[in-house]
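In our numbering, the protein residues as written are 38 to 232.
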């Protein structure tokens with residue numbers, strides 16, 4: 038199989054090699070000067086998925102939106118009941134009563150559709166907001182662990198790395214410890230308010 042490299046691809050490849058050589062040369066110069074550079078890697082996607090704040094946010098979203106979802110389901114069931122009643126009684130009802138039932142069903146369907154769109158928009162906004170909060174927490178934790186371990190560079194996207202430079206588990210432990218501290222602080226404040 039023959040591969041054809043376009044001028045752009047060849048240029049990008051050469052540019053990437055040049056940047057890597059330049060970076061390695063600078064890193065080598067720094068090491069020779071007595072300054073060692075410490076590099077670590079972190080799996081941000083794993084942290085966001087497994088952060089304790091993510092689980093709390095998920096539970097809060099369920100608590101907030103489950104009642105609304107059930108209300109929408111009840112509206113849908115009510116519409117189905119009205120449709121079934123209309124279909125069952127169509128032969129005995131007057132034409133006017135059938136038209137009224139049709140209008141009522143269409144109005145309820147429009148109302149439910151609008152409510153469903155509003156629900157989805159609110160849920161999407163709440164999810165995005167919760168994800169944003171979790172991401173901020175994760176990035177703050179990465180920065181704190183970086184400072185504690187005196188790491189110069191933390192890389193989040195990598196192909197492979199040894200466990201020796203992977204600080205993902207340490208960041209996750211930091212997040213858990215921070216959540217425990219927050220929760221213990223809240224419970225102390227709650228106990229003071231009750232007294």
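The beta carbon of each residue, even a glycine, is placed where N, CA and C say it ideally should be.
For residue i, does the count of other Cβ atoms within 10 angstroms reach 16, so buried, or fall short, so exposed?
i	result
residue 154	exposed
residue 77	buried
residue 147	exposed
residue 212	buried
residue 74	exposed
residue 178	buried
residue 218	exposed
residue 126	exposed
residue 209	buried
residue 168	exposed
With DSSP run on the structure shown, which of helix, strand or coil describes residue i?
i	result
residue 182	helix
residue 202	coil
residue 191	strand
residue 210	helix
residue 132	helix
residue 196	coil
residue 73	coil
Please report how far the alpha carbon of residue i lies from the alpha carbon of residue j, in whole angstroms.
i	j	result
residue 107	residue 115	12 angstroms
residue 95	residue 157	16 angstroms
residue 191	residue 89	22 angstroms
residue 140	residue 128	18 angstroms
residue 68	residue 188	Note that residue 68 scores 47 on pLDDT, short of 50, meaning its location in the model is unreliable and no value can be drawn from it.
residue 110	residue 149	9 angstroms
residue 120	residue 133	16 angstroms
residue 195	residue 204	13 angstroms
residue 124	residue 142	12 angstroms
residue 201	residue 80	14 angstroms
residue 165	residue 122	41 angstroms
residue 206	residue 102	32 angstroms
residue 216	residue 222	10 angstroms
residue 97	residue 144	32 angstroms
Between which two residues does the beta strand (DSSP E) containing residue i stretch?
i	result
residue 77	76-78
State the start and end residues of the unbroken alpha helix (DSSP H) segment that holds residue i.
i	result
residue 95	89-126
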